[in-house]
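Student: Just dropping this structure here.
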Amino acid sequence: MEFDLIARIRRRAASVRGDVVLGIGDDAALLAMPAGRQLVVTMDALNAGVHFPAGTDPADVGWKALAVNLSDLAAMGARPAWCTLSLSLPNADDAWVEAFLDGFLALAARHDVALVGGDTTRGPLSACVTAHGLVETGRALRRDGARAGDDVWVTGTPGDAAGALAQWQAGGARDPALRARLDRPTPRIEAGLALAGIAHAAIDVSDGLLADLGHVCAASGVGAEVALDALPVSAALAAAFDADRRRVLQCAGGDDYELCFTAAGGRRDEVAAIAEACGVAMSRIGRIVDGGEVAALERDGRRWAPPRRGFEHFAG
16 MEFDLIARIR RRAASVRGDV VLGIGDDAAL LAMPAGRQLV VTMDALNAGV HFPAGTDPAD
76 VGWKALAVNL SDLAAMGARP AWCTLSLSLP NADDAWVEAF LDGFLALAAR HDVALVGGDT
136 TRGPLSACVT AHGLVETGRA LRRDGARAGD DVWVTGTPGD AAGALAQWQA GGARDPALRA
196 RLDRPTPRIE AGLALAGIAH AAIDVSDGLL ADLGHVCAAS GVGAEVALDA LPVSAALAAA
256 FDADRRRVLQ CAGGDDYELC FTAAGGRRDE VAAIAEACGV AMSRIGRIVD GGEVAALERD
316 GRRWAPPRRG FEHFAG
């Protein structure tokens with residue numbers, strides 16, 4: 016059955032990229048690296064009940080499995096190229112795999128990503144992807160470049176995915192716009208590519224805005240101040256939650272896969288032009304300061320203490 020699944024995936028994933036010398040079907044893939052580029056590699060796994068709710072449409076699981084990895088490439092300013100996929104399935108469910116591939120390969124085609132190998136095994140439902148991207152030598156965005164005085168920006172509207180998860184956990188009304196942000200996040204590839212050379216540091220928001228901005232600050236040896244009133248909010252999130260709950264979701268919810276980045280104050284017009292060209296909102300939410308703390312500030316300057324700063328993978 017394993018080889019039948021591999022053959023099924025191979026038929027669906029035939030590559031049209033000229034730099035794939037040898038794809039699925041051998042012990043490993045052969046890929047041609049272009050001159051003047053560095054290879055960017057990332058890996059993320061999605062586990063049922065942890066990264067997606069039980070009963071999630073398999074096409075959405077497929078989309079998200081690739082999207083979370085492409086989001087990491089976007090945060091590095093890299094152009095996606097290739098990926099591998101490891102699937103763990105409780106049983107050999109052909110219909111589930113076909114639907115999973117519908118979502119996975121739809122996103123792959125959108126960004127010209129070739130599936131070049133992987134593995135299938137029996138076990139708890141899980142999808143693990145390794146994604147490879149290319150960046151011009153020396154131009155990768157990193158976490159360690161933020162400088163005191165930089166503006167802090169975020170793309171999109173953080174909190175939507177966490178809002179959908181909260182609605183699902185509560186078992187009440189579910190907003191389809193929020194659920195779409197949980198099931199099918201949009202990797203900000205075009206924004207990441209355009210920000211290379213302008214942004215000083217970047218990260219994708221997977222575990223919560225304050226927590227992930229904290230990673231940038233720790234790597235850069237700086238602190239940050241976030242203006243709570245500057246956080247962008249979607250109409251769907253504003254309609255579904257009161258201001259206090261919304262603030263927690265925006266700051267600490269995670270699973271948004273938006274980009275948080277820093278740039279010099281003198282680049283604001285360029286950031287605005289990139290936002291318009293890419294068709295994605297970019298909101299200036301704070302600034303980088305000396306020190307090592309990330310502080311969330313009320314309008315009057317008082318510090319706001321969230322109940323948590325972000326998702327903790329091994330908590331409780």
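Under our numbering, the first residue of the sequence shown is numbered 16, with each subsequent residue one higher. Yeah, the Cβ is synthetic: ideal placement off N, Cα and C, and Gly gets one too.
Enumerate in chain order the residues of its own chain whose CB-to-CB distance from R189 is below 8 Å, with the five nearest sequence positions on each side excluded.
Tutor: Here the set comprises A179, Q182, W183.
Student: For a test of the three-state rule: what should DSSP assign to G178, helix, strand or coil?
Tutor: DSSP places G178 in helix when its eight states are reduced to three.
Student: What does C98 pair with, by DSSP beta-bridge criteria?
Tutor: Partner(s): L130, A146.
Student: With a cut-off of 8 Å, do at least 3 Cβ pairs link the stretch 201–217 to the stretch 265–281?
Tutor: Short answer: they touch.
Student: Taking 8 Å as the cut-off, does the stretch 101–118 touch the stretch 130–145 (at least 3 CB pairs, one atom from each stretch)?
Tutor: Touching, yes.
Student: Can you have a look at A142 and say buried or exposed, based on whether 16 or more other CB atoms are within 10 angstroms of its CB?
Tutor: That one is buried.
Student: Per DSSP, what kind of secondary structure is E285 in: helix, strand or coil?
Tutor: E285 falls in the helix class under three-state DSSP.
Student: Please report the Cβ distance between T277 and A234, rounded to the nearest whole angstrom; I am assuming they are in contact, meaning their Cβ atoms lie under 8 Å.
Tutor: About 11 Å separates the two Cβ atoms, so there is no contact after all.
Student: According to DSSP, what are the bridge partners of C293?
Tutor: For C293, which the question treats as bridged, DSSP gives no partner whatsoever.
Student: Please name the residue in G186, R32, L210, R194 whose C-alpha comes closest to that of L130.
Tutor: Checked all of G186, R32, L210, R194; the closest Cα to L130 is R32.
Student: Run the CB neighbour count on N106, radius 10 Å, all protein chains shown included, and call it buried at 16 or more, exposed below.
Tutor: With fewer than 16 Cβ atoms within 10 Å of its Cβ, N106 is classed as exposed.
Student: Hey, A296 and T170 are a contact pair by Cβ (cut 8 Å); roughly how many whole angstroms apart?
Tutor: Their Cβ separation, rounded to whole angstroms, is 7 Å, which keeps A296 and T170 in contact under 8 Å.
Student: Within 10 angstroms of the Cβ of T71, are there 16 or more other Cβ atoms? Answer buried if so, exposed if not.
Tutor: Buried, by the Cβ-count rule.
Student: What residue ranges within the stretch 186–212 form continuous alpha helix (DSSP H) runs of no fewer than 4 residues, ordered along the chain?
Tutor: Counting only runs of 4 or more, we get 191–198, 204–210.
Student: Short check: CB of F115 to CB of A155, under 8 Å?
Tutor: Against a cut-off of 8 Å, the Cβ pair of A155 and F115 comes out as no contact.
Student: Compare the beta carbon distance of A163 and I303 with 8 Å and say whether it is the shorter of the two.
Tutor: Yes.
Student: Any idea what DSSP makes of D166, helix, strand or coil?
Tutor: Looking at D166 - three-state DSSP - the assignment turns out to be strand.
Student: Would you call the stretch 232–246 and the stretch 312–323 touching, i.e. three or more CB-CB distances under 8 Å?
Tutor: Yes, they touch.
Student: Buried or exposed: W319, going by 16 or more other Cβ atoms within 10 Å of its Cβ?
Tutor: That one is exposed.
Student: Who are S235's beta bridge partners in DSSP?
Tutor: BP columns for S235 are empty, so no partner.
Student: Compare the C-alpha of R23 against each of L208, L120, V248 and name the closest.
Tutor: With distances taken between Cα atoms, R23 lies closest to L120.
Student: Excluding the 5 residues flanking A192 on each side, which residues of the same chain have their C-beta closer than 6 Å to its C-beta?
Tutor: Around A192: A251.
Student: Would you identify the three-state DSSP class for V59, choosing helix, strand or coil?
Tutor: The sequence shown places Asp at residue 59, rather than the Val named in the question. It is a strand residue.
Student: Within 10 angstroms of its Cβ, does A44 collect 16 or more other Cβ (buried), or is it exposed?
Tutor: The residue is buried, with at least 16 neighbouring Cβ atoms inside 10 Å.
Student: Where does A226 land, buried or exposed, given buried means 16+ other C-beta within 10 angstroms?
Tutor: So A226 counts as buried.
Student: How many Å lie between D165 and A279 at the Cα?
Tutor: The alpha-carbon atoms of D165 and A279 are separated by roughly 5 Å.
Student: Confirm, please, whether the CB-CB distance from D87 to D59 is below 8 Å.
Tutor: Cβ distance < 8 Å, so D59 and D87 count as in contact.
Student: M48: buried (16+ other C-beta within 10 angstroms of its C-beta) or exposed?
Tutor: Classification for M48: exposed.
Student: Does the beta-carbon of N84 have 16 or more other beta-carbons within 10 angstroms, so that it is buried, or is it exposed?
Tutor: Buried: at least 16 other Cβ atoms inside 10 Å.
Student: Mapping DSSP to helix, strand and coil, what is L140?
Tutor: In the structure shown, L140 sits in coil (DSSP, three-state: anything other than H, G, I, E or B).
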